[in-house]
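K.L.:
Got a structure here, written out as structure tokens. Questions coming.
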Amino acid sequence: MRRRDLLKSSAGLAALAGLGGLGGRAFAQEMPTFTPEEGASLRLLRWVPFVAGEEEAWNANTQAFTEATGIQVQIDQESWEDVRPKAAVAANVGSGPDMVMSWFDDPFQYPDKLVDVTDLCTALGERDGGWYDGLRAYATQGDRFIAVPLCAIGNAICYRDSHMQAAGFTEFPSDTAGFLELCKAMQANGTPAGFPHGKAVGDGNNYAHWLLWSHGGMTVDENGQVVIDSPETRAAIEYAKQLYATFIPGTESWLDINNNRAFLAGEISLTANGVSLYYAAKNDPAMAEIAEDIRTTNLPIGPVGESVELHQTSTINIFQHTPYPNAAKAYVAWMFQPDNFNRWLEGASAYCCQPLRAYESNPVWSSNPIHVPYSKASASLRTNGYAGPLGPASAGAMADYVLVDMFAEAVTGQRTTDDAIANAVRRLERYYRS
Amino acid sequence: MTPTEIRAAASDSPPSRSVLRRFVESRNGLGLLFMLPAAAFLLCFLTYPLGLGVWLGFTDTTIGRPGIFIGLENYAWLLDDPVFWLAVFNTVLYTAIASVLKFGLGLWLALILNERLPFKTFFRAIVLLPWVVPTVLSALAFWWIYDSQFSIISHVLMGWGWIDAPINFLGDPGAARASVIAANVWRGIPFVAISLLAGLQTIPQSLNEAAVLDGATPWQRFTKITLPLLTPIIAVVMTFSVLFTFTDFQLIYVLTRGGPVNATHLMATLSFQRAIPGGQLGEGAAIAVAMIPFLLAAILFSFFGLQRRKWQQGGQD
Numbered sequence: 010m011r012r013r014d015l016l017k018s019s020a021g022l023a024a025l026a027g028l029g030g031l032g033g034r035a036f037a038q039e040m041p042t043f044t045p046e047e048g049a050s051l052r053l054l055r056w057v058p059f060v061a062g063e064e065e066a067w068n069a070n071t072q073a074f075t076e077a078t079g080i081q082v083q084i085d086q087e088s089w090e091d092v093r094p095k096a097a098v099a100a101n102v103g104s105g106p107d108m109v110m111s112w113f114d115d116p117f118q119y120p121d122k123l124v125d126v127t128d129l130c131t132a133l134g135e136r137d138g139g140w141y142d143g144l145r146a147y148a149t150q151g152d153r154f155i156a157v158p159l160c161a162i163g164n165a166i167c168y169r170d171s172h173m174q175a176a177g178f179t180e181f182p183s184d185t186a187g188f189l190e191l192c193k194a195m196q197a198n199g200t201p202a203g204f205p206h207g208k209a210v211g212d213g214n215n216y217a218h219w220l221l222w223s224h225g226g227m228t229v230d231e232n233g234q235v236v237i238d239s240p241e242t243r244a245a246i247e248y249a250k251q252l253y254a255t256f257i258p259g260t261e262s263w264l265d266i267n268n269n270r271a272f273l274a275g276e277i278s279l280t281a282n283g284v285s286l287y288y289a290a291k292n293d294p295a296m297a298e299i300a301e302d303i304r305t306t307n308l309p310i311g312p313v314g315e316s317v318e319l320h321q322t323s324t325i326n327i328f329q330h331t332p333y334p335n336a337a338k339a340y341v342a343w344m345f346q347p348d349n350f351n352r353w354l355e356g357a358s359a360y361c362c363q364p365l366r367a368y369e370s371n372p373v374w375s376s377n378p379i380h381v382p383y384s385k386a387s388a389s390l391r392t393n394g395y396a397g398p399l400g401p402a403s404a405g406a407m408a409d410y411v412l413v414d415m416f417a418e419a420v421t422g423q424r425t426t427d428d429a430i431a432n433a434v435r436r437l438e439r440y441y442r443s
Numbered sequence: 106m107t108p109t110e111i112r113a114a115a116s117d118s119p120p121s122r123s124v125l126r127r128f129v130e131s132r133n134g135l136g137l138l139f140m141l142p143a144a145a146f147l148l149c150f151l152t153y154p155l156g157l158g159v160w161l162g163f164t165d166t167t168i169g170r171p172g173i174f175i176g177l178e179n180y181a182w183l184l185d186d187p188v189f190w191l192a193v194f195n196t197v198l199y200t201a202i203a204s205v206l207k208f209g210l211g212l213w214l215a216l217i218l219n220e221r222l223p224f225k226t227f228f229r230a231i232v233l234l235p236w237v238v239p240t241v242l243s244a245l246a247f248w249w250i251y252d253s254q255f256s257i258i259s260h261v262l263m264g265w266g267w268i269d270a271p272i273n274f275l276g277d278p279g280a281a282r283a284s285v286i287a288a289n290v291w292r293g294i295p296f297v298a299i300s301l302l303a304g305l306q307t308i309p310q311s312l313n314e315a316a317v318l319d320g321a322t323p324w325q326r327f328t329k330i331t332l333p334l335l336t337p338i339i340a341v342v343m344t345f346s347v348l349f350t351f352t353d354f355q356l357i358y359v360l361t362r363g364g365p366v367n368a369t370h371l372m373a374t375l376s377f378q379r380a381i382p383g384g385q386l387g388e389g390a391a392i393a394v395a396m397i398p399f400l401l402a403a404i405l406f407s408f409f410g411l412q413r414r415k416w417q418q419g420g421q422d
């Protein structure tokens, strides 16, 4: 069965499940109605899709919206790194797209330029089982929703089952200590792990944040005071050093694509990635053996005692400069109708994780055991710059690779642990200066 | 209106108009007028962006928020920022080594191409290839060549049994710097070689023939005739070469994004990283402005150091 066939057949199931399970509840809750303005038309700026099925489903839902309401929706795509500057300029100039599908802390770069969507989001949350805390935090300022949480792009460990078993493990360790033992054993077997310590925007930041958070460290406190110089951070760095010693050589030069390449070529047997890694193997007949052997699981739990990860997140922001705010809200409400949203999640084939708890029952998560860890992304997600406020400071610190650099400096021995932390403190204080 | 009528009308016009007329008809005035479009062009597309960049460097502008004037705060921070100084060091090292190598190898290549060779034009065309291929494409090729797992170089050397493990081209700071410099040299040689070849062909053959008759060795002919006559073109070529190298961006961005641990971050890449993805436009602009003194120094050096020798103007050294 090819992936496409699987998607087609399970899409039918999804439609049924959506109608039966969620549709019932939808009638129980009152959704506010948004009456589109006369003669409205909309423009949405979004990131270039990573999964063709996701784009197809989104566009099909949009098409249905246009047919139902007569409102034309133009969808512009930008590569995912270009969305941030484009959206920021649109917000400040007050023209351009009416809505943007943006990343991470973008709504907090221009909170005053966004339409309040509290009415819409509150109703959606009440209807569909509530928003996940992490994703809600990316969209709320005080009690106000300034954006609509859309999804988390899940990150999970991908490993070769046979290589793990050959290393003497029958089950994947769930804690950081056991994980280190596994990596040591796998290295001894010649099937090492590899996580990027290079300037990998997605994978590198995911790994660095997990290292810090799983050990209880954090960059700043609730007031934006830099608190990274802590015993927890030291423990995280010491742990990272030990893990790094078990990796395949060269991970300090890795960019986002390198771990995928090395994994698919059989050079490494364990890394963390989006579900795309699995599909790259599955869709290539030459890699059938690897695809059969791949298993996925969540990153192990550290001393902090719970599963905490960064993951990429996306929100939909409606600009105040749009002449048609009600049409925009109607569009978003349409996309979040259970049938439509389920279809979209299906299309994304586990690449996107739902922002609302009701969609945990979407069949995409039960259709393939590989997908299961990715269904927990929204639950384990912590906001960037935890526990500090979201905004230009948190965004800048991540884009400048402050954490990635701190770990890389220490594990490669370029700086001592103390110096690496001191350097991170300096850089963070600069970003979080009032 | 006939010409006579125009002249009549002109003589009747008030003095102010005749001043304007005299200005337009004068040699200098007309020249000034003709230069206006060019000046406007320069002002709009060169002076304004440059001025804006310098101004941004004195503000705390971020993407999405207009900044306020903060004086030298950005520069004070950079002065104290080890990552910035590392980038400055990398940029100077990168430029110096790459330029010297490009000059040496480029001159050598030009001298060879200037000799009688079979398929001369074919070789000259081939030499230009690295220059013609878009940088991003050649950088991607080098990315594979330097990959920490799939490098063809490592593969071949391991096949020969010379090394046991793949070379960590982009992971070790020293190796990473050498690797990006090698890629830059490969890309930059054709420009130097072809330009110097053009210079070599302007040197009259008769000078060399006369020297041969006087019993000069090939080395003497090279140092006493070729090199001195080539200096002006070397000055221009190397100025451009240094400028291109100093402001290099694409190669680094594709190969390492400045890694490992900022060991290959150039000022241009650091400026971009902080200004656009990082959103700190003011600080990014300050880093870019900090490149200007280095660039000016390079230009002044090649123009006054290489081109203004007295003997080039017929005087004594």
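Here the protein sequences line up with chains A and B, keeping their order.
Straight run, no breaks: the first sequence in our numbering ends on number 443.
Straight run, no breaks: the second sequence in our numbering ends on number 422.
Every residue gets a Cβ at the ideal spot worked out from N, C-alpha and C, and that includes glycine.
From a predicted model like this one, the values you see are computed outputs, not experimental measurements.
(1) Between the C-alpha atoms of A342 (chain A) and P398 (chain A), what's the straight-line distance to the nearest angstrom?
(2) Return the CA-CA distance between R362 (chain B) and G279 (chain B), expressed in angstroms with no decimal places.
(3) What residues are listed by DSSP as bridge partners for F328 (chain A)?
(4) Would you list the one or two residues that DSSP bridges to R304 (chain A)?
(5) Along the beta strand (DSSP E) that carries R52 (chain A), what are the first and last residues, could you check?
(6) Pick from B:V238, B:P239, B:A215: whose alpha carbon is nearest that of F228 (chain B)?
(7) Using a 10 Å radius around the Cβ and a threshold of 16 neighbouring Cβ atoms, would you call F328 (chain A) buried or exposed?
(8) Within the same chain, show all residues whose beta-carbon is closer than 6 Å to that of F409 (chain B), passing over the 5 residues directly before and after it, in chain order.
(9) Tell me the rounded alpha-carbon separation between P201 (chain A) and D414 (chain A).
(10) Please tell me whether A281 (chain A) and V60 (chain A) are closer than 8 Å, where the distance is taken between their beta carbons.
(11) Would a check of beta-carbon distances place W160 (chain B) closer than 8 Å to chain A?
(12) Counting contacts by CB-CB distance shorter than 8 Å, is Y119 (chain A) in contact with chain B?
(13) For the stretch 242-258 of chain B, list every residue whose C-beta sits within 9 Å of some C-beta in chain A, in sequence order.
(14) Kindly list, in the order they appear in chain A, the residues whose Cβ is closer than 8 Å to that of P365 (chain B).
(15) Let me know the secondary structure DSSP gives T200 (chain B) once reduced to three states.
(16) Under three-state DSSP, which class holds F408 (chain B)?
(17) Would you call the stretch 106-115 of chain A in contact with the stretch 329-349 of chain A, where contact means no fewer than 3 C-beta pairs closer than 8 Å?
(18) Going by beta carbon distance, what residues of the same chain come within less than 7 Å of A391 (chain B), once the five residues before and after it are set aside?
(19) Cutting at 7 Å between CB atoms, please list the residues of its own chain near G211 (chain A), excluding the five before and the five after it.
(20) Taking 8 Å as the limit between beta carbons, can you name the residues of its chain near A359 (chain A), skipping five residues before and five after?
(21) Assuming D114 (chain A) contacts N393 (chain A) under a Cβ cut-off of 8 Å, what Cβ separation, rounded to an integer in Å, is found between them?
(22) Among A:D125, A:L189, A:N307, A:G275, which one has its Cα closest to the Cα of S389 (chain A)?
(23) By Cβ distance below 7 Å, which residues in the same chain neighbour L312 (chain B) in space, the five residues on each side in sequence not counted?
(24) For a contact meaning CB atoms closer than 7 Å, what does E276 (chain A) contact in chain B?
(25) Residues in the same chain with beta-carbon distance under 6 Å from A37 (chain A), minus the five sequence neighbours each way, listed in chain order, please.
(26) Using only CA atoms, which one of B:D353, B:G320, B:L302 lies nearest to V232 (chain B)?
(27) Taking just the CA atoms, how far does L212 (chain B) sit from L191 (chain A)?
(28) Check whether the Cβ of N432 (chain A) lies closer than 8 Å to any Cβ atom in chain B.
(29) Quick one: what does DSSP say S262 (chain A) is sitting in, helix, strand or coil?
(30) Closer than 8 Å by C-beta to N214 (chain A): which residues in its own chain qualify, once you throw out the five before and the five after it? Chain order, please.
(31) Which same chain residues, not among the five before or five after R379 (chain B), have their C-beta less than 6 Å away from its C-beta?
(32) Would the stretch 174-186 of chain A and the stretch 431-439 of chain A be scored as touching if the rule is three or more Cβ pairs under 8 Å?
(33) Would you mind telling me which residues of chain B sit closer than 8 Å to Y258 (chain A), beta carbon to beta carbon, in chain order?
(34) Quick one, which of A:G177, A:N232, A:R153 has its alpha-carbon nearest A197 (chain A)'s?
(35) Please confirm if Q385 (chain B) has its CB atom under 8 Å from at least one CB of chain A.
P.N.:
With the structure as the only source:
(1) P398 (chain A) has its alpha-carbon roughly 28 Å from the corresponding atom of A342 (chain A).
(2) R362 (chain B) and G279 (chain B) have their alpha carbons spaced roughly 16 Å apart.
(3) For F328 (chain A), the beta-bridge partners assigned by DSSP are A:L123.
(4) The partner list for R304 (chain A) (beta bridge, DSSP) reads A:Y168.
(5) It spans 50-56 - the beta strand (DSSP E) in which R52 (chain A) sits, taken as one unbroken run.
(6) Ranked by Cα distance from F228 (chain B), the options B:V238, B:P239, B:A215 are led by B:A215.
(7) Buried is the call here.
(8) Excluding residues within five positions, none has a Cβ falling inside 6 Å.
(9) Rounded to whole angstroms, the separation of the alpha carbons of D414 (chain A) and P201 (chain A) is 23 Å.
(10) No; because the gap between Cβ atoms is not below 8 Å, this pair is not in contact.
(11) Not closer than 8 Å to any Cβ of chain A, the Cβ of W160 (chain B) fails to qualify, so no.
(12) At a cut-off of 8 Å between C-beta atoms, Y119 (chain A) counts as an interface residue with respect to chain B.
(13) If the cut-off is 9 Å between Cβ atoms, the stretch 242-258 of chain B has W248, Y251, D252, S253, Q254, F255 near chain A.
(14) Those are H206, G207, E261, S262, A417, T421, listed as they occur along chain A.
(15) Assigned with DSSP and collapsed to three states, T200 (chain B) falls in helix.
(16) Residue state, collapsed to three classes: helix.
(17) By the Cβ criterion, the stretch 106-115 of chain A is in contact with the stretch 329-349 of chain A, since at least three pairs of Cβ atoms, one from each stretch, lie closer than 8 Å.
(18) Closer than 7 Å at Cβ, skipping near neighbours: G162, N179, Y180, L183.
(19) Excluding residues up to 5 positions away in sequence, D265, Q321 lie with their Cβ nearer than 7 Å to the Cβ of G211 (chain A) in the same chain.
(20) Around A359 (chain A): G163, V284, V373, W374, N377, I379, H380, Y383, S384.
(21) The pair is a contact, with the Cβ atoms about 6 Å apart (cut-off 8 Å).
(22) In this structure, A:N307 is the residue among A:D125, A:L189, A:N307, A:G275 with its C-alpha nearest to the C-alpha of S389 (chain A).
(23) Taken in chain order, the residues that qualify are I330.
(24) The CB of E276 (chain A) comes closer than 7 Å to the CB of Q254 in chain B, given here in chain order.
(25) Residue confidence for A37 (chain A) is low, a pLDDT of 44 falling below 50, so the modelled location carries little weight; the figure read from the coordinates is stated next. In its chain, beyond the 5 residues on either side, no residue has a beta carbon closer than 6 Å to the beta carbon of A37 (chain A).
(26) When only C-alpha atoms are compared, the closest one is B:L302.
(27) Cα to Cα, the separation comes out at about 56 Å.
(28) Cβ-Cβ to chain B under 8 Å: yes for N432 (chain A).
(29) If DSSP states are grouped into helix, strand and coil, S262 (chain A) belongs with the helices.
(30) L319, M407, Y410, L412, V413.
(31) So the qualifying residues of the chain are Q385, E388, G389.
(32) Taking a cut-off of 8 Å on C-beta distances, the stretch 174-186 of chain A does not touch the stretch 431-439 of chain A, as fewer than three cross pairs fall below it.
(33) The residue you asked about is not Tyr; residue 258 (chain A) is Pro in the sequence shown. What P258 (chain A) touches in chain B: S253, A270, P271, N273, G276.
(34) Per the C-alpha coordinates, the member of A:G177, A:N232, A:R153 positioned closest to A197 (chain A) is A:G177.
(35) Taking Cβ atoms only, chain A reaches closer than 8 Å to Q385 (chain B), which makes this a yes.
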